[in-house]
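Chains as they are written, first to last, in my numbering: chain A, 18 to 298; chain B, 13 to 273.
Each residue gets a CB set at the ideal place from its N, CA and C atoms; glycine is no exception.
Since we're looking at a predicted model, the values are computed, not measured.
Written below as structure tokens is the structure these notes are about.
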Amino acid sequence: MKLMPSRPNVEAKAAPARQTGAAMITIDRVSQVFRTSGRREHLAISDISLTIEDGAFVSILGPSGCGKSTLLYIVGGFVSPTEGVARVKGKAIRGPGPDRGPVFQEFALFPWKSVLGNVMYGPRQQGVKSGEAEAQSRALIEKVGLKGFEHFYPKELSGGMKQRVALARTLAYHPAVLLMDEPFGALDAHTRTRLQNDLLKIWERDRKTVLFVTHSVEEAVFLSDRVVVMTRAPGRIKQIVEIDLPRPRRRSELLLDPRYQKYVVDIEGMIDDTSEDELRP
Amino acid sequence: MTVIRAFVSRSAPLMACLGLLAIWQVAALMLKTDSFPGAWEAIKAIPSILGDQESLINILASIRRMAIGFSVAVLVSIPLGLMMGRSRAIASFFNPLLMITYPVPKAALMPIILLWLGVGDIAKMLVIFLGVSLPVIYHSFQGAKAIEEKMLWSGAAMGLSATQRMIRIVLPAALPEILTGCRTGLVLALITMVTSEMIARQSGAGNILFNALDMGQYDTVYAMIIIIGAMGIGLDAAFERLRARLVRWSEPAFEIPLSFA
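Given below as structure tokens:
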């Protein structure tokens, strides 16, 4: 199975430098090289170090192809870094686990399961009794606004609804970290806004750690405590911007807030610079 | 209007069959040769075949061989195809073998198999097995290969092991494709069943058919063709119902009625 390549030995030898305080995820000098079909090596991300505190909402923002999803896959344990270590709660990541719940742009729902079946899948796998798992899942389905759709199959749902199911399915097994890989990237603008609002509402209630990958500046500023701006490939961290805007955030207020507008303009400028760098030979 | 439309779409397969029989009857009447009896004569010969105990035993023996050959083939081919679809190493090992066996008519292997295994049931079931395996392996392979990686990642994050992912994600996700392969396999099972009995004449539906041909009993020949054809249609329709039930979640809303039901 090529699914989860084994980790390089470097990993095992490295002493687990336990972070004091409430660091949930530490990414320590991580680089990732991919071998392309032409046997050429492609450096996707280069020497990234980043700490994410428990309960923080951190967005990774960058142009497409900057390796921001790769970074999320490394934290998820789906991809092993070529160099460096990623840790969750101080423990080196060796593979996927229920402490880190992914939500993908492609939804990746189980099409043979109903909405309820999808949401119940994680808890059942964790050994939660059927009745209990169903009660919890029904409550979650209601929370993401899909009450009444419990017995629908994924193919019968719109993109926005599918992503709501995917979010509920991941929340159902109580991961400590939510890994969101451009979750609203495939949705139309209106649906996207609604899902952002709902995600924010859910998040402001239980304050899970979120690593959120996006290429939308507005989305990143609107949702995050911190925005990590990446350069074009090979992806490096260009700048980290703390978003000091009050919570709970309301879209209607925020859009008129000059501080929000300044963040958006500033970050857009950073990304423009990056593109120009790339255009130079 | 909708009632008429429903009636037309439901009775269309029956109409098509009746039309075919009518053309046959007309053609036979025009040609007037002994070796080409009309549809009606062939149909008239069916009750005497199905009423004859020896013929029934022959036909049931055929069905038994087909069922065993088909089942074993499916049980072996689905896991193999799925593993090939998920592992490049397994795929590159088995692919050349399948590429070599694919274009060989399975009946052409019959003489060799007969030499090795004799004319008994095992040889015939092996030929059926070979005929069924390839489409089932191929479709299982395609189905497993097309699975979205992130579906497996989602499962892994929930704590499913590699084996659990294979059984609980790859298998159900590839099921529509697997069943397409099985349906092709079922028809091929019937075809290889008859050809195997044609070559190793001992018992079976094919045996009745070709013995009748040797003896110039053309109405029996054509009656057997109708019986074998009806078996094919019946099996296919039954399988299609099972398939539709199993993969309801992936079916498009529109479907062509393929059964008389």
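- If you ignore the 5 residues before and after B:S67, its C-beta comes within less than 7 Å of the C-beta of I61, I220, all in its own chain and listed in chain order.
- Within chain A, no C-beta atom comes less than 8 Å from the C-beta of B:A34; the nearest is roughly 42 Å away.
- Taking the beta carbon of A:K172 as reference, the chain B residues within 8 Å of it are W261, S262, listed in sequence order.
- Under the DSSP assignment, B:F106 falls in the alpha helix (DSSP H) whose first and last residues are 100-113.
- By the beta-carbon neighbour count (other beta carbons within 10 angstroms, threshold 16), B:N107 is exposed.
- Inclusion of B:G218 and B:M210 in the CB contact set at 9 Å is warranted, their separation being smaller than that value.
- Annotation: the continuous alpha helix (DSSP H) that includes A:V234 extends over 234-240.
- Linking A:K255 to A:S76 through their CA atoms gives a straight-line distance of about 13 Å.
- Only exposed fits B:M42, as fewer than 16 other CB atoms lie within 10 angstroms of its CB.
- Listed as beta-bridge partners of A:S76 by DSSP are A:F229, A:V244.
- A:V105: member of the beta strand (DSSP E) spanning 100-105, first to last residue.
- In terms of beta-carbon proximity, B:W128 stays away from the interface with chain A, with every pair separated by 9 Å or more.
- Below 8 Å, enough C-beta pairs join the segment 197-211 of chain A and the segment 167-179 of chain A to call them touching: three or more.
- Within the segment 153-176 of chain B, E160, E161, K162, M163, L164, W165, S166, G167, A168, A169, M170, G171, L172, A174, Q176 place their CB atoms closer than 9 Å to a CB of chain A, listed in sequence order.
- Residues of chain A with a Cβ closer than 8 Å to the Cβ of B:P184 are, in chain order, F127, W129.
- Within chain B, no C-beta atom comes nearer than 9 Å to that of A:G162; the closest sits roughly 21 Å away.
- In this structure, DSSP gives B:R260 a helical state, which the three-state scheme calls helix.
- The segment 257-292 of chain A is shown to contain no whole beta strand (DSSP E) run of 3 or more residues.
- Annotation for A:Q142: the continuous alpha helix (DSSP H) segment containing it runs 132-142.
- For A:Q49, the three-state secondary structure derived from DSSP is strand.
- For B:A158, the three-state secondary structure derived from DSSP is coil.
- Of the residues B:A51, B:D46, B:S21, the one whose Cα lies closest to the Cα of B:L30 is B:A51.
- A:L216 sits away from A:L262, with the two beta carbons spaced by 9 Å or more.
- In this chain, the alpha helix (DSSP H) harbouring A:G176 covers 176-188.
- Scanning B:I90, B:A34, B:I16 for the CA closest to the CA of B:A185 turns up B:I90.
- B:G97 sits in a helix when the DSSP states are folded into three classes.
- Taking a C-beta distance under 9 Å as the contact criterion, A:L89 and A:V245 do not qualify as a contact pair.
- Contact annotation, A:A125 with B:E160: C-beta distance approximately 6 Å; criterion of less than 8 Å satisfied.
- Cβ-Cβ distances below 6 Å link B:G93 to I149, S152, F153 in the same chain, with the five nearest sequence neighbours on each side left out; the list follows chain order.
- Residue environment analysis places B:P123 among the exposed positions, since fewer than 16 neighbouring C-beta atoms fall within 10 angstroms of its C-beta.
- Exclusion of the five residues before and after A:F51 leaves H59, A61 as the residues of its chain whose Cβ lies within less than 6 Å of its Cβ.
- B:V15 sits in a helix when the DSSP states are folded into three classes.
- Of the residues B:I239, B:A158, B:K157, B:P117, the one whose Cα lies closest to the Cα of B:F141 is B:P117.
- Within 10 angstroms of the beta-carbon of A:I69 lie 16 or more other beta-carbons, which makes it buried.
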